[in-house]
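Asks: Have a look at this one.
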Amino acid sequence: MAVADSSSKRPTCPSCSKPTRLCLCSRIQNPLLDNKKSNSPKTLTMAVADSSSKRPTCPSCSKPTRLCLCSRIQNPLLDNKVSVTILQHSKETKHPLNSVRIAKLGLRNVNVVTVSDVNFGARFVIRLLESDGILYSNQTQKGSNLGGTKGEVHPAHDSNSTFAAERHLSAEEPFIFATIGKHGVINDLESKWKPQTEAPEMPNFDQFLGSQMAADALAKGFIVKKLQKQKLKESINLEEYEEFELVVPPGSVLLFPSDTAVGIDDLQATNIGVKNLIVLDGTWAKAKRVYKENPWLRLLPHLKLVMDTLSLFREVRRQPKAACLSSIESIVYALKAVGENPEGLDNLLDVLDSMVGDQRRCKDERLLQHDH
């Protein structure tokens with residue numbers, strides 16, 4: 001939706017063709033009424049086709065049309081200079097309360113990458129960007145890049161390549177290879193960079209940060225490819241597929257309260273100019289698993305939000321502690337923290353609040369119907 005609409009100065013809803021701020025979808029109290037009295041065969045055919053869904057949804061925000069969010073966005077596709085890359089857990093993509101949909105509608109430079117649990121093993125191939133930030137390989141395609149963020153995603157496809165084949169890409173190019181098992185246990189870790197200290201008993205990505213040469217090279221940006229194993233249908237055999245290939249541009253920072261995360265003041269003291277914010281989307285348990293099963297994230301500076309704000313989500317989704325906010329809340333507060341505050345940014349929180357209100361009303365309606 002965002003890619004199609006971003007070419008127009010006045011984004012329109014693909015359902016009613018009105019400007020998103022004047023969207024009609026949410027104003028229809030009873031969408032797709034079954035007009036059974038019609039005698040027109042053509043009309044009857046259309047009604048049968050449309051009535052296959054009991055609850056029609058808006059193709060832009062994926063919410064039921066009567067709860068469409070599109071018209072609530074005051075300034076769609078805000079031109080955020082700091083791009084946002086969202087690693088979204090696969091089980092969150094269709095969750096009715098997922099707040100990433102608001103980020104897609106409200107921000108221009110947003111890149112959403114779907115990430116799955118590792119159940120049968122995965123491997124990572126990491127290559128460096130050239131000094132000018134251009135890929136070594138020019139065979140890239142736009143993935144779920146909503147509005148032209150610097151990051152690019154390659155569509156997943158079957159892959160039978162081996163480590164030897166990957167190494168053959170460029171013998172002179174610095175790289176990291178890693179294989180992991182379930183829950184992110186690193187089985188193998190290889191690199192052209194030799195750690196300056198004795199290698200740990202258990203391999204981990206932290207050892208590369210001990211090399212100044214490696215740290216400097218990674219700070220210029222890199223490309224990470226993740227290849228996963230999955231079961232073949234009706235078989236016990238496994239196949240390998242490419243889950244994503246993501247460009248991590250210079251100035252990328254991970255928003256995650258890890259043991260190495262620092263507040264914005266400490267981050268700015270290191271003279272790191274934040275250009276791309278990476279956010280993990282999922283429940284707290286899912287986000288922790290995404291972090292553990294993508295160990296390349298350890299190569300990035302970690303940022304945490306130091307605040308006691310209660311999440312607007314606290315009524316409808318469990319909040320383990322005050323610092324655990326919804327994805328859109330985290331994005332808005334983090335963008336403000338790094339100096340990004342375009343007009344209309346706070347409106348995205350208003351939209352979230354209204355979405356929570358919708359959920360509350362729907363719950364009350366269900367309880368009322370149950371009582372009667």
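Here full-length UniProt numbering is used: position 360 in the sequence shown is 360, and no number is missing along the way.
We put the beta carbon where it would ideally sit given N, CA and C, even for glycine.
All values reported here derive from a predicted model rather than from experimental measurement.
At which residues does the beta strand (DSSP E) containing ASP188 begin and terminate?
Replies: Taken as a continuous stretch (DSSP letters only), the beta strand (DSSP E) holding ASP188 covers 186 to 191.
Asks: Indicate whether ILE272 and PRO249 have their beta-carbon atoms separated by less than 8 angstroms.
Replies: Their beta carbons are not under 8 angstroms apart, which means ILE272 does not touch PRO249 by this criterion.
Asks: Mind checking ILE236: buried by the 16 CB within 10 Å criterion, or exposed?
Replies: Burial call: exposed.
Asks: Which one of ASN119, VAL247, THR270 and VAL84 has the shortest CA to CA distance from GLY106?
Replies: Checked all of ASN119, VAL247, THR270 and VAL84; the closest Cα to GLY106 is VAL84.
Asks: So, at 7 angstroms on beta carbons, what are the nonlocal neighbours of ALA261 in its own chain, with the 5 sequence-adjacent residues on each side left out?
Replies: Here the set comprises HIS302, LEU303 and LYS304.
Asks: Using only alpha-carbon positions, find the residue among GLN228, PRO76, LYS94 and ARG127 that is nearest to ASN109.
Replies: With distances taken between Cα atoms, ASN109 lies closest to PRO76.
Asks: Which residue comes first and which comes last in the alpha helix (DSSP H) that contains ILE264?
Replies: Element bounds for ILE264: 264 to 269.
Asks: Just verifying my parser: in three-state terms, what is the DSSP assignment at ASN347?
Replies: Helix.
Asks: State whether the stretch 305 to 317 contacts the stretch 60 to 73, with contact taken as three or more CB pairs (one from each stretch) at a distance under 8 angstroms.
Replies: Too few Cβ pairs lie closer than 8 angstroms, so no.
Asks: Could you tell me the distance, in whole angstroms, from the CA atom of CYS324 to the CA atom of CYS13?
Replies: Straight-line Cα distance between these residues: approximately 32 angstroms.
Asks: Relative to the C-alpha of LEU227, which candidate in ASP216, GLU240, LYS220 and GLN268 has its C-alpha closest?
Replies: Nearest option by C-alpha distance: GLU240.
Asks: If distances are taken between C-alpha atoms only, which option among GLU293, ALA269 and CYS25 comes closest to LEU67?
Replies: Checking every option, the nearest Cα to that of LEU67 belongs to CYS25.
Asks: Tell me whether SER83 sits in a helix, a strand or coil according to DSSP, three-state version.
Replies: In the structure shown, SER83 sits in a strand (DSSP, three-state: E or B).
Asks: Only counting the same chain, and skipping five residues up and downstream in sequence, which positions put a Cβ closer than 8 angstroms to that of VAL118?
Replies: ILE180, GLY181, LYS182, HIS183, GLY184, GLN228 and GLU293, listed in sequence order.
Asks: Does DSSP put LEU22 in a helix, a strand or coil?
Replies: If DSSP states are grouped into helix, strand and coil, LEU22 belongs with the helices.
Asks: Taking the alpha helix (DSSP H) that GLN207 falls in, what are its first and last residues?
Replies: First-last of the alpha helix (DSSP H) with GLN207: 206 to 209.
Asks: Could you pull out every residue in the same chain whose Cβ sits closer than 6 angstroms to the Cβ of ALA337, ignoring the five residues on either side in sequence?
Replies: Result list for ALA337: ILE264, in chain order.
Asks: For THR57 and PRO203, what's the separation of their Cα atoms in angstroms?
Replies: Taking the straight line from one Cα to the other gives about 47 angstroms.
Asks: Please state whether DSSP places VAL290 in a helix, a strand or coil.
Replies: Helix, per DSSP.
Asks: Leaving aside the five residues before and after TRP296 along the sequence, list all residues of the same chain whose C-beta is less than 7 angstroms from its C-beta, in chain order.
Replies: Closer than 7 angstroms at Cβ, skipping near neighbours: PHE124, ILE126, PHE205 and VAL224.
Asks: Assign ASN98 to one of two classes, buried (16 or more other C-beta atoms within 10 Å of its C-beta) or exposed (fewer than that).
Replies: Looking at its Cβ environment, which holds 16 or more other Cβ atoms inside 10 Å, ASN98 is buried.
Asks: Go through its chain and collect everything with a Cβ distance to GLY121's Cβ below 6 angstroms, but skip five positions before and after it.
Replies: Hits under 6 angstroms: GLY181 and LYS229.
Asks: Which residues mark the beginning and the end of the alpha helix (DSSP H) in which VAL274 is found?
Replies: Taken as a continuous stretch (DSSP letters only), VAL274 belongs to no alpha helix (DSSP H), as it is neither H nor E.
Asks: Could you give the distance in angstroms between the alpha-carbon of GLN268 and the alpha-carbon of ALA219?
Replies: Rounded to whole angstroms, GLN268 to ALA219 spans 15 angstroms at the Cα level.
Asks: In terms of residue numbering, what span does the beta strand (DSSP E) encompassing ARG329 cover?
Replies: The question names Arg, but residue 329 is Glu in the sequence shown. Premise fails: GLU329 lies in the alpha helix (DSSP H), 327 to 337, not in any beta strand (DSSP E).
Asks: What span of residues does the beta strand (DSSP E) with GLN230 cover, start to end?
Replies: Start and end: 222 to 231.
Asks: Name the two residues that bound the continuous beta strand (DSSP E) containing VAL253.
Replies: Note, VAL253: beta strand (DSSP E), 252 to 255.
Asks: Using the rule of at least 16 other Cβ atoms within 10 Å of the residue's Cβ for burial, across every protein chain shown, is residue 395 buried or exposed?
Replies: Nothing can be reported for residue 395: it is not among the residues displayed for the chain, which extend from 1 to 372.
Asks: Beta-carbon within less than 7 angstroms of THR20's beta-carbon, same chain only, minus the 5 sequence neighbours each way: which residues are those?
Replies: Within the same chain, THR20 has close Cβ partners PRO11, THR12, CYS13, CYS70, SER71, ILE73 and PRO76.
Asks: Measuring alpha carbon to alpha carbon, tell me which residue in VAL112, SER326 and SER15 is nearest SER90.
Replies: With distances taken between Cα atoms, SER90 lies closest to VAL112.
Asks: Among the residues of its own chain, which have a CB less than 7 angstroms from the CB of LYS81, if the five just before and after it don't count?
Replies: Result list for LYS81: GLU340, in chain order.
Asks: What residues in its chain sit with their C-beta under 7 angstroms from that of SER62, if we drop five residues either side in the sequence?
Replies: Once the five neighbours on either side are set aside, the close Cβ partners of SER62 are ARG101.
Asks: Given a cut-off of 8 angstroms, decide if LEU87 and ASP350 are closer than it, judged by their beta-carbon atoms.
Replies: It is not a contact, given that the beta carbons lie outside the stated cut-off.
Asks: Which residues bound the beta strand (DSSP E) around LEU246?
Replies: Note, LEU246: beta strand (DSSP E), 238 to 248.
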